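Following: one structure in structure tokens, then a few remarks.
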Amino acid sequence: MAVTTQHTDVLLVGGGIMSATLGVLLRHLDPSLNITMVEMLSDVALESSAALNNAGTGHAGYCELNYTPQATDGSISTKRALEINAAYETSLQFWTFLVESGALPAAQTFINKTPHLSLVWGEKNVAFLKQRHAQLSQHHLFATIQYSEDITQLQAWMPLIMAEMKTSQAIAATYADQGSDVDFGALTRYMVSYLKSQPNFTLLNNTQVKNLSKVKDRAKDNTWHVKLLDKSTQHTHTVRAKFVFLGAGGGALPLLQKANIDESQGYGGFPVSGQWLICNNPEVVKQHRTKVYGKAAIGAPPMSVPHLDNRTINGQPALLFGPFAGFTTRFLKKGSKFDLAKSLKVNNLKAMISVGRHNMDLTKYLIKETSQTHEQRMEALREFLPQAVSSDWQLQNAGQRVQIIKNGENKWGKLEFGTEIVAAKDGTLAALLGASPGASISVQAMIDVIERCFSIRANQLDWQQKLKEIIPSYGESLIENADLLKTIRHHTKKVLNLN
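So the sequence shown is numbered by our numbering: it starts at 7 and just counts up by one.
So this is what it looks like as structure tokens:
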């Protein structure tokens, strides 16, 4: 595509769900903004936002046991589960607004009702799940979640899994009927299609950011000078942007390092690959219509929590098991094997070495996972499906995840499993780092970007009113306000066909 502008108000780097969400939010808040989206690949939503590249979808804390960690004294923290659930409700509100306003097509083209279950076996794990349910169900966000150890009930909830499950062992599950599945690849494409239909928007595919910098005299020019490479012609040109968002998945960290803002100092990345076992037998696929999560193995990263996952991808049902995490040095599926080495900088070297030294068990685990045979992966699946037939399942690569490494309080590095916004203090640049829960909380994450980087406008009455129109709970806490949650859930379920 020919370049239509050398100046832009907003430059979105990466054509994934984060950039698309921020672009649509800003378009509704100020239609006069000139927005440019840059994507390195031939189309949007081909990396982390692609359906099979997502480690999980519809993350709301209902079934992900790693969101409710258990301390050594036996207590369970529900704080993160509550926060993630409220953030997912924010996403549902935004998508509801877009469907109602005609910016998105019918909801079933990207989101579908899919119950979420946690399944555990063994007395210790059953005790944990029972306590988790007891604590969560006391809160209005999780009030409808059910718990059972009854075999007949478990068979009704997940007939395929329970068909040949050993029932002599202690076994229990929780069931959240209000769970959902999201095809973030489709959703991203719909959002970008909407942006393309609006004025003042430019999409540059096959375009790579080579460098970004600011001039020394900020009083005269406080824009980012972003050098772009057109991969189809090998021509370069520079775009000047008032605001830059780095939403390039694993590619965000190297670009943040090139920007060299003070706030980026000390950050590094720990890349993790993923693979799925995907069922190719339609007779098996149609027997499982839920998402069933287990407990991660000791030493396993959170994005590798084993689950038997019903998905709707491009309108078709799919059944996945995994993801199996693995060791990699690439930050993107289409990235370079030298990505990790190139990310080593003077300001993050101590943190990177520290994390590497203190997480050798994790590294060994990932290398071991990478070297597994098909039959070894099938044995993991058979813990959920004892009757699984090897020929019914095939291995397929999932997406790359780059976990956050940063300086800890003790000056040494720490490895974090989550997402984080890193923003320049002058509000001219922001980057999204990390992974899970990722896409599911994309709307809340991008609202955080707006509040930090467009703080003056975000506090003005016109933007406040528009944000409230787009997201009815904006400015209020769904964790605290049970009546508001009830009203909002009733509306979003109706519009998104999640009843």
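Heads up, the beta-carbon is just placed ideally off N, CA and C, and yes, glycines get one too. These figures come from a predicted structure and were not determined experimentally.
Cβ shell of residue i (< 6 angstroms), same chain only, five flanking positions each side left out
i: Ala-93; result: Ile-447, Gln-450
i: Gly-440; result: Ile-410, Gly-424, Thr-425, Glu-426
i: Gln-402; result: Trp-282, Ile-284
i: Thr-434; result: Phe-249
i: Gln-152; result: Tyr-181
i: Arg-86; result: Tyr-73
i: Phe-333; result: Leu-372, Ile-373, Thr-376
8 angstroms contact criterion, which residue i and residue j should meet: CB distance rounded
i: Leu-283; j: Trp-399; result: 4 angstroms
i: Thr-78; j: Gln-141; result: 17 angstroms between Cβ atoms; not a contact.
i: Ile-90; j: Ala-66; result: 6 angstroms
i: Phe-390; j: Phe-330; result: Not confirmed; about 13 angstroms, so no contact.
i: Gly-191; j: Ala-51; result: 4 angstroms
i: Leu-135; j: Tyr-299; result: The Cβ separation is near 11 angstroms, so there is no contact.
i: Gly-419; j: Ala-347; result: At roughly 17 angstroms, the Cβ-Cβ gap does not stay under 8 angstroms, so Gly-419 and Ala-347 are not in contact.
i: Asn-60; j: Gly-405; result: 7 angstroms
Residue nearest to residue i in terms of C-alpha spacing, selected from the options
i: Ser-219; options: Tyr-200, Asn-40, Ser-483, His-231; result: His-231
i: Leu-259; options: Gln-293, Val-215, Ile-41; result: Val-215
i: Phe-251; options: Gly-22, Ile-485, Thr-493; result: Gly-22
i: Gly-108; options: His-34, Asp-49, Ala-169, Glu-385; result: His-34
i: Asn-316; options: Leu-88, Arg-246, Val-290, Leu-147; result: Val-290
i: Leu-160; options: Phe-148, Ile-177, Ala-149, Thr-150; result: Ile-177
i: Val-221; options: Gly-255, Thr-239, Ile-267; result: Ile-267
i: Pro-392; options: Ser-48, Leu-39, Lys-172; result: Lys-172
i: Gln-137; options: Thr-74, Ser-186, Ala-162; result: Thr-74
i: Tyr-68; options: Ala-133, Val-16, Met-452, Pro-443; result: Pro-443
i: Ile-117; options: Glu-129, Trp-127, Glu-106, Leu-98; result: Leu-98
i: Ser-238; options: Ala-437, Leu-18, Glu-45, Leu-491; result: Glu-45
i: Gln-114; options: Gln-240, Val-188, Glu-385; result: Val-188
i: Gln-271; options: Ala-430, Asn-217, Leu-110; result: Ala-430
i: Leu-372; options: Gly-280, Ser-396, Leu-473; result: Gly-280
i: Glu-106; options: Leu-504, His-122, Thr-498; result: Thr-498
i: Ala-133; options: Glu-170, Gln-76, His-146, Leu-355; result: Gln-76
i: Arg-195; options: Met-24, Tyr-273, Asp-367; result: Met-24
i: Thr-335; options: Leu-350, Asp-454, Gln-322; result: Leu-350
i: Gly-362; options: His-380, Gln-382, Lys-412; result: Lys-412
Coil, strand or helix - residue i by DSSP
i: Arg-495; result: helix
i: Asn-465; result: coil
i: Gln-263; result: helix
i: Ile-411; result: strand
i: Ala-112; result: coil
i: Ala-169; result: coil
i: Phe-207; result: strand
i: Ser-219; result: strand
i: Ile-427; result: strand
i: Thr-296; result: coil
i: Asp-489; result: helix
i: Tyr-371; result: helix
i: Thr-96; result: helix
i: Thr-213; result: strand
i: Gln-240; result: coil
i: Thr-63; result: coil
i: Val-44; result: strand
One or two residues paired with residue i in a DSSP bridge
i: Arg-246; result: His-13, His-231
i: Arg-317; result: Ala-324
i: His-380; result: In DSSP, His-380 forms no bridge with anything.
i: Gly-280; result: Ala-331
i: Asn-505; result: BP columns for Asn-505 are empty, so no partner.
i: Phe-251; result: Leu-18, Ala-436
i: Cys-3; result: A query on residue 3 cannot be resolved here, the shown segment of the chain reaching from 7 to 505 and no further.
i: Ile-117; result: Val-188
i: Ala-182; result: His-122
i: Gly-419; result: Asn-413
i: Gly-275; result: Ile-410
i: Tyr-153; result: Thr-180
i: Gln-76; result: Ile-82
Sequence-distant residues of its chain with Cβ nearer than 8 angstroms to residue i (five each side left out)
i: Pro-37; result: Gln-204, Pro-205, Asn-206
i: Leu-201; result: Ala-26, Gly-29, Val-30, Arg-33, Ile-41, Met-43, Phe-207, Leu-209
i: Thr-244; result: Gln-12, His-231, Val-232, Lys-233, Leu-234
i: Leu-47; result: Gly-21, Glu-53, Asn-211, Asn-212, Lys-340
Spatial neighbours of residue i in its chain, beta-carbon cut-off 7 angstroms, leaving aside the 5 residues before and after
i: Asn-131; result: Lys-301
i: Asp-509; result: The question about residue 509 has no answer here: the residues shown for the chain are numbered 7 through 505.
i: Lys-264; result: Asn-217, Leu-218
i: Ser-461; result: Gly-433
i: Ala-149; result: Ser-143
Heavy atom of the ligand ATP within 7 angstroms of residue i beta-carbon
i: Asn-503; result: What this structure holds is no ligand at all, so the ligand ATP is not there to describe.
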